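A.B. asks: Just add 356 to wherever you are in the sequence shown, counting from 1, and you've got our numbering.
For every residue, glycine included, the Cβ atom is placed at its ideal position computed from N, Cα and C.
Here the structure is a predicted model, which is why all the values come from computation and not from measurement.
One structure coming up, written as structure tokens, with questions to follow.
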Amino acid sequence: MFPDFNFDEALETIEQVNNEQSDSITLGRVLIYEFIGNKATVVIENGKPKEAKTIKEKVMMYAQMLLRTELNKYNVYKDTDFGMTYFNYRGNRILPSGFINSELKREIEEKLMRLSVVDSISDFSAKMNGTVLNVEFTINLNDNSSVSISEVI
357 MFPDFNFDEA
367 LETIEQVNNE
377 QSDSITLGRV
387 LIYEFIGNKA
397 TVVIENGKPK
407 EAKTIKEKVM
417 MYAQMLLRTE
427 LNKYNVYKDT
437 DFGMTYFNYR
447 GNRILPSGFI
457 NSELKREIEE
467 KLMRLSVVDS
477 ISDFSAKMNG
487 TVLNVEFTIN
497 LNDNSSVSIS
507 EVI
């Protein structure tokens, strides 16, 4: 007369969905920055900070800020794992460049794949030349569009 309902199975499904959602980052409001050298300036439009309107703009700003932020340097990012560790390798002549490049690729992929809108990273190339990093890659989004990143930091 009454339908069977498996509470254990339903609870397991809910916990699995919650775990998947807590591992990913959703993009909320994102300001547009202009990068000149090592300085970032908020773009002002009509007397107000300009906000990214599209997913592509938001992902691009996120990636650019990520590449320019040293892990654990700023208290605002404490316990968020936002930032990069490649700053530790700048000017290092002991470690092989292949190791540094592979670590850089791994770290970028891990951190960008946390974004809920990112599907994959492709066409990756990086070169650390002394203290200067040249990096290029494409971020493939879930909606089949992509964002190309080409930065000299």
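If you run the structure through DSSP and keep just helix, strand and coil, what is LEU427?
C.D. replies: Position 71 of the sequence shown holds residue 427. Coil, per DSSP.
A.B. asks: Going by the CB atoms, is the gap between THR494 and SER478 shorter than 8 Å?
C.D. replies: Within the sequence shown, the letter at position 122 stands for residue 478. Within the sequence shown, the letter at position 138 stands for residue 494. Cβ atoms of SER478 and THR494: closer than 8 Å.
A.B. asks: So, at 8 Å on beta carbons, what are the nonlocal neighbours of SER378 in its own chain, with the 5 sequence-adjacent residues on each side left out?
C.D. replies: In the sequence shown, residue 378 corresponds to position 22, counting from 1. Any answer about SER378 is weak, because its pLDDT of 46 lies below 50 and its placement is not dependable; what the coordinates show is given next. Excluding positions up to five away in sequence, the list is empty.
A.B. asks: In angstroms with no decimal places, state the Cα-to-Cα distance between LEU423 and MET440.
C.D. replies: In the sequence shown, counting from the first residue as 1, residue 423 sits at position 67. In the sequence shown, counting from the first residue as 1, residue 440 sits at position 84. Cα to Cα, the separation comes out at about 6 Å.
A.B. asks: Which word fits LYS414, buried or exposed, when buried means at least 16 other C-beta atoms lie within 10 angstroms of its C-beta?
C.D. replies: For the purposes of this step, residue 414 is identified with residue 58 of the sequence shown, where counting begins at 1. LYS414 comes out buried.
A.B. asks: Taking C-beta to C-beta, are PRO405 and LEU383 nearer than 8 Å?
C.D. replies: The count along the sequence shown starts at 1 and reaches residue 405 at position 49. The count along the sequence shown starts at 1 and reaches residue 383 at position 27. Against a cut-off of 8 Å, the Cβ pair of LEU383 and PRO405 comes out as no contact.
A.B. asks: According to the neighbour-count rule (16 or more other Cβ atoms, all chains shown, within 10 Å of its Cβ), is ASN457 buried or exposed?
C.D. replies: Counting from 1 along the sequence shown, the entry for residue 457 is found at position 101. Counting Cβ neighbours within 10 Å, ASN457 comes out buried, since at least 16 surround it.
A.B. asks: Going by beta carbon distance, what residues of the same chain come within less than 8 Å of GLY486, once the five residues before and after it are set aside?
C.D. replies: Looking up residue 486 in the sequence shown gives position 130. Counting only Cβ-Cβ distances below 8 Å, and skipping sequence neighbours, we find ARG446, GLY447.
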